[in-house]
Amino acid sequence: MAQLKQLLRPQRKPLHLALLLAVASSLLFILQSYLLAMLFADWLITSQQQQPLTNTLLISVLPWLVLCLLGRPLLQYGREQLSLNASLIVRKNLRSSLLDKLAAAGPGKSQYGSDGSLSSKLLDQVDALDGFISRYYVQRYLVLITPILLVIAILSYSTLAGIILLVTAPLVPIFMVLLGNAAAAASQRQMQLLSRMSGRFLDLVRGMNTLQQLQATERAEQSVANAAERYRDSTMAVLKLAFLSSAVLEFFSALAIALLAVYLGLGLLGILPWAKGEIPVPYQGALFILLLAPEFYAPLRQLGSDYHAKAQAEAAIAELTPILQSHAWQHPGTQQLKLTQAPSIEFQQLHILASDGRQRLAPVNLSIQAGERIALQGPSGCGKSSLLHALLGFLPYQGAIAVNQLPLLQLERLHWQQQLGYMAQHSSIAAASIADNLRLAAPQASEQQLIQSLQQVELWPLVQQLPLQLNTLLGERGLGLSGGQLQRLALAQLLLRDSQLWLLDEPTAHLDPDTAYRLHQLIAELSVGKTVIIVSHQLDGLAWLDKVINLADSTKPTTGATFNHVS
Amino acid sequence: MLANQPIKLRNLLHSRSKAWLLALLLGFITLLSAVTLLALSGWFISAAALAGMASIGAISFDYFRPAAIIRLCAIGRTAGRYAERLTSHYAALGLLKDLRVQSFATLARSKQHNRHSADTLQRLVTDIDLLDQLPLKVVTPWFWACSLSALVLLFWYLLAPALFYSAGLPLVLALIIPLLTLRPGIALAKQDTQAAATRRTVLLEQLAMLTSLLLWQRWQDKTRYFSQHDHAYMSLQLRQQQLASRVSLIQQSLLALSLLALLWQGSVLVNHAALSVPLLLSALLALWALNEALLPLCQSFMALGLSMSARDRLNQLADGYAVVADVKQAIPNAPFSLNVSKLSARQGQALHGPDNVSFSLRSGDVLLISGASGSGKTTLLMTLANQLSCTGALELNNHAYAHWQLDETLGYLTQQPDIFDLTLAQNLRLAAPDASDDKLWQVLVDVALADWAKQQPAGLDTVMGEYGAAVSGGQARRIALARLLLAERPILLLDEPFAGLDPASTEQVLAALLKRQRDGLLIIVSHQRVSIAHAKHLQLEPC
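These protein sequence lines are chains A and B, in that order. For the first sequence, my numbering gives the first residue as 2, with consecutive numbering after it. For the second sequence, my numbering gives the first residue as 65, with consecutive numbering after it.
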């Protein structure tokens, strides 16, 4: 909740103004009820005395009545506009700070959930705050102010009526807190289920082809049905509590009106057991109280129906808190190291653990000279990629990494990353045109440069023949191009960036020997004078490498202690 | 509900019609109790005041019955509301579950999944959720508002026709004024669904490419791009809310007008002794209480628009996919003979692909396909896997592919296999639900993953993560291969199964493959030189 308060702080002014409008509206309501009670009392007495009604009173109260009747909807309109705008701004800011947090986590974002569930957090759960900001925030103050105003008005006519309302009122918050706490917990579970359900959907729909081939669609359908069923059960659990809390309010509200009506009616008849023959509250006051009574509970009832907005917001914030409060490992460095030449890199007892304690990379000692070009080898899963991620500045590690003798931890991460050339196992191709994809890596590149890079990776002959050439659109996972073509396009992205240090994570794993060879040659040509670390299984065409390090060897205890291990 | 049937809004209430009828009835009782409670209370104290003033006293004034009805209304309002809400929401969630499963089944029974799967996710989850708006926010509120307004109007008419004539018109106008939002409401809501889908797609892509975008310093650009879509979506929502706010402003003003007309006409009627003051008050309070039933109407057409566009998009999803005909076809039996002659095929708009390819295979044969990147190895394999149409002849056991039901015969390993965010065992058991742990371990040995799996703390229960993030690309491909082996398909088509494997492991996997496919066919696309004594070779010419 403290988190939520902090988010709302910048928007306090418009929200408080909205509250002011709502209070003004309550005052108009009291006036309106007073005028009507006065009018009807006058009419009742006149008609009881068999005298003709004069319109003078009606005409004199009419302007005031019109003011009340039209003023209240106007004030309500103003309140809504202010609150809605505040909500929009808060949600927008929250979303961008969440994105910042994810960016800080880098590849570690997966610890907060799959892409599907992250997108659901950033969109659905941030939007789940809307009800809290645009309705609940003002309502929770109003729920105190309005009843107090009304009770003051009512007390001036009847102490007992005021007491009836005052006695029932405190019971309401007690019930609400009891039920609300349970509802909040249930609502949080529901949010998690919703997020897991959409993750499961995305996962299964993405692999529909595979499911069909394995004839596993029925099992998958069952899994979808189960997820939907669990979602329904949890939603019903939340709703039962949410509705129960509003039913309690409803009950008090209805009961109070009924009690008041009977009390006031019997009082007017003069047959109350403790006041026989007396009229404790005269008609005008009685009617005034009866008109005000429903409104006494109205803010509470509204709060009750908005209460699930609060539960929802709390659940959403609880889901978002891990991201918001993440101290995603912050790369501590502040120093800017401008690489004008190829850097030297040293790993001393570099050791990487996953957040769950699994070992991702056993201790490694390794020294790479400036301009040296090396390959890393080792069995699958021995931590080659993790080593690159650490060098990219995304992963915390034990031991030391030094660039040009400077500890990597002293370098400013953004500045450092800007100077890296990186190509991953899975190419980063967006559902956009070929040109847009290339310009993601190099926004300033001219068309000629794009064509040149495509020529270098031998894609240009293909692209040239496409009707739209560079403007050809690619699908979600770059469908329409074969696996090899995708990797070459990703390599073209890399070629467009001019960096002194290249980190290549199995760039040619899927390419045929000829193209792999050609690409290795291209890398050889273009990387002269740069420091290159390439993780690769295929050594064809990599004869130009200065050395090949086998991580399986360098992790052996005997060599692990040695410095400057050379394969 | 059957899969592949277009969703119609009017059918949405059919599947659980009894629950919906009960909800309508309960809601009506609730609102009627609320109106009666207030109107009767007003009449009661006024009449009591009159009686008290006339000193008729308690003797002749029947106060028991009104007091009892007032209490009954109080209870009816509370219990009715609770029961109505539970009933209608239970029915709505049941409807949503049906729709969810139905949509997934539609997808599962169709071919071609080249659409954006981010889009598909958006449709399945969000759009389906929107369909419950129709019964909850359109049908039921209008039913209640119309029926209660009719009752109030009847009440006025019975009190005095003049009341009905003067105050009735503004009330009817207040009832129908939300119709003004019909057109703009639906239009805005349709844009809304579209904008929500775009926003989600943009975000998903940004998240998927996060690492590269960060390194390229393009993260801020993409964030800005996302913010634009985010803002566009939220402004659309704001405009919808503003539309509703404005209409409710007009509605409230009309109700105020109706109230004033009631007062004016009432005073005239009281003057002519045609109406008593207590009854006039109850007429006024009935209108006062009706507000609660009329207010939700201002939101209803936005909800209708959302439901309509969600329906359209869900139906489009079903239309977009050709449904696989459920015709009983023969399943080919061993021994197999595969004859390919003069086969040519293209992927989508591609210019290149295999041309005039011919070969023939018999049970026990192994075919190794090689060729430069772009020569169409993958395209050829897709064609052989019955995923792509072709020209030329493609016959199995002397019949064209179309003759056969091939689902249980062909096993195809793609270059980007799908590993699901399930455990290792669950991923494998997709192919063979009843496979024992021993069988799983055996197949893991065959694909040279057993050692790796044993090293994992959770073993077979290791969770694979999204896109199989917990495993490397080579491992993912071999998990998929293991899954295929468990499915025991007699004809295996493998695209680069050895990528990322060291020579020793390659030998191990190859030996297992040869052993398992002794009586079937094995077709492998590989750029690694693998040596198989009796294998046939096919070299595709580069383009």
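The beta carbon of each residue, even a glycine, is placed where N, CA and C say it ideally should be. These numbers come from a predicted model, not from an experiment.
With 8 Å set as the bound, which would you pick, yes or no: does the beta-carbon of residue i sit closer than that to a beta-carbon of chain A?
i, result
"residue 334(B)", "yes"
"residue 588(B)", "no"
"residue 92(B)", "no"
"residue 272(B)", "yes"
"residue 161(B)", "yes"
"residue 482(B)", "yes"
"residue 316(B)", "yes"
"residue 395(B)", "no"
Between which residues of its own chain and residue i is the CB-CB distance below 8 Å, once the five residues before and five after are set aside?
i, result
"residue 14(A)", "none"
"residue 563(A)", "Because residue 563(A) carries a pLDDT of 32, less than 50, the predicted location of this residue cannot be relied on, and the following value inherits that uncertainty. If we look at residue 563(A) and ignore the five residues flanking it on each side, its Cβ neighbours are 366."
Using a Cβ-Cβ distance cut-off of 8 Å, determine whether residue i contacts chain B.
i, result
"residue 61(A)", "no"
"residue 361(A)", "no"
"residue 204(A)", "yes"
"residue 585(A)", "Within the shown structure, residues of chain A are numbered from 2 to 568, placing residue 585(A) beyond reach of any answer."
"residue 532(A)", "no"
Distance, Cα to Cα, residue i vs residue j?
i, j, result
"residue 422(B)", "residue 436(A)", "38 Å"
"residue 271(B)", "residue 409(A)", "26 Å"
"residue 369(A)", "residue 269(B)", "35 Å"
"residue 339(B)", "residue 311(A)", "48 Å"
"residue 512(B)", "residue 562(B)", "11 Å"
"residue 570(B)", "residue 483(B)", "21 Å"
"residue 450(B)", "residue 443(B)", "11 Å"
"residue 448(B)", "residue 557(B)", "8 Å"
"residue 96(A)", "residue 544(B)", "37 Å"
"residue 488(A)", "residue 478(B)", "16 Å"
"residue 528(A)", "residue 457(A)", "13 Å"
"residue 131(B)", "residue 7(A)", "50 Å"
"residue 402(B)", "residue 433(B)", "15 Å"
"residue 121(A)", "residue 353(B)", "40 Å"
"residue 1(A)", "residue 495(A)", "Nothing can be reported for residue 1(A): it is not among the residues displayed for chain A, which extend from 2 to 568."
"residue 373(B)", "residue 172(A)", "44 Å"
"residue 534(A)", "residue 504(A)", "5 Å"
With DSSP run on the structure shown, which of helix, strand or coil describes residue i?
i, result
"residue 399(A)", "strand"
"residue 543(B)", "helix"
"residue 41(A)", "helix"
"residue 525(B)", "helix"
"residue 369(A)", "strand"
"residue 595(B)", "coil"
"residue 96(A)", "helix"
"residue 405(A)", "coil"
"residue 582(B)", "coil"
"residue 323(A)", "helix"
In its own chain, which residues sit with a C-beta less than 6 Å from the C-beta of residue i, not counting the 5 before and 5 after it?
i, result
"residue 33(B)", "With chain B running from 65 to 607 in the structure shown, residue 33(B) is simply not present."
"residue 319(B)", "238"
Which residues of chain A have a Cβ atom closer than 7 Å to the Cβ of residue i, listed in chain order?
i, result
"residue 430(B)", "By Cβ distance, chain A contributes nothing, its closest Cβ being about 19 Å from residue 430(B), past 7 Å."
"residue 281(B)", "419"
"residue 191(B)", "Here the premise fails: no neighbours, minimum Cβ distance about 12 Å."
"residue 105(B)", "258, 262 and 291"
"residue 497(B)", "220"
Please list, in chain order, the chain A residues whose beta carbon lies closer than 9 Å to that of residue i.
i, result
"residue 571(B)", "Result: empty, since nearest Cβ-Cβ is about 15 Å, beyond 9 Å."
"residue 221(B)", "The premise fails here: residue 221(B) is roughly 22 Å from chain A at the closest Cβ pair, so nothing lies under 9 Å."
"residue 510(B)", "By Cβ distance, chain A contributes nothing, its closest Cβ being about 16 Å from residue 510(B), past 9 Å."
"residue 500(B)", "Going along chain A, no residue has its Cβ under 9 Å from residue 500(B), so there is no contact; the nearest lies around 17 Å."
"residue 127(B)", "263, 266, 267, 270 and 272"
Name, please, each residue of chain B whose Cβ falls closer than 8 Å to the Cβ of residue i.
i, result
"residue 110(A)", "271 and 274"
"residue 107(A)", "274, 275 and 278"
For residue i, which residues of its own chain have a beta-carbon under 7 Å away from its beta-carbon, when the five flanking residues on both sides are left out?
i, result
"residue 291(A)", "261, 262 and 265"
Just to make sure I have the definition right: I need the residues of chain B whose C-beta is within less than 9 Å of the C-beta of residue i. Which are they?
i, result
"residue 332(A)", "Going along chain B, no residue has its Cβ under 9 Å from residue 332(A), so there is no contact; the nearest lies around 12 Å."
Name, please, each residue of chain A whose Cβ falls closer than 8 Å to the Cβ of residue i.
i, result
"residue 298(B)", "89, 92 and 93"
How would you list, in chain order, the residues of chain E whose beta-carbon sits under 9 Å from the beta-carbon of residue i?
i, result
"residue 99(A)", "Structure shown: chain E not included; protein chains present are A and B."
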